[in-house]
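Comments concern the structure below.
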Amino acid sequence: MPVYEYYCDTCSKSFTVVMTIAEHDRGGITCPQCKGSSVVQRYTAFFAKTSKKS
């Protein structure tokens, strides 16, 4: 499951949310600290690890 990082403009805290892509597409993310809805998604590096040798 993808991990998304967000930043809350209201309380200036960063937080991480694990959710499906469908949940992410629905939106409605709120800050777990202050329950505010003024959150911005942070884009971070992503890499995939497979069990297959290249």
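The numbering of the sequence shown is our numbering, which starts it at 1 and goes up by one. Where is the CB? At the ideal position from N, CA and C, for every residue including glycine.
Q | Of the listed residues Asp9, Thr16, Tyr4 and Val18, nearest to Gly36 (C-alpha basis) | A | As a first step, residue 36 must be located in the sequence shown, where it is residue number 36. Of all alpha-carbon atoms in Asp9, Thr16, Tyr4 and Val18, the one lying nearest the alpha-carbon of Gly36 is that of Asp9.
Q: Identify which residue in Lys13, Tyr43 and Tyr6 has its Cα closest to the Cα of Cys34.
A: As a working mapping, residue 34 is identified with position 34 in the sequence shown. Of the candidates Lys13, Tyr43 and Tyr6, the one whose C-alpha sits nearest the C-alpha of Cys34 is Lys13.
Q: In the DSSP assignment, find the unbroken alpha helix (DSSP H) run with Ile21 in it and report its ends.
A: Position 21 of the sequence shown holds residue 21. DSSP places Ile21 inside the alpha helix (DSSP H), whose first and last residues are Ile21 to Arg26.
Q. Could you give the distance in angstroms between the alpha-carbon of Arg42 and the alpha-carbon of Lys52?
A. As a working note, residue 42 is residue 42 in the sequence shown. As a working note, residue 52 is residue 52 in the sequence shown. The straight-line gap separating the alpha-carbon atoms of Arg42 and Lys52 is approximately 30 angstroms.
**Q.** Candidates Cys31, Glu23 and Arg26, of which the one nearest Thr16 by Cα
**A.** For the purposes of this step, residue 16 is taken as residue 16 along the sequence shown, with counting starting at 1. The shortest C-alpha separation from Thr16 is found at Cys31.
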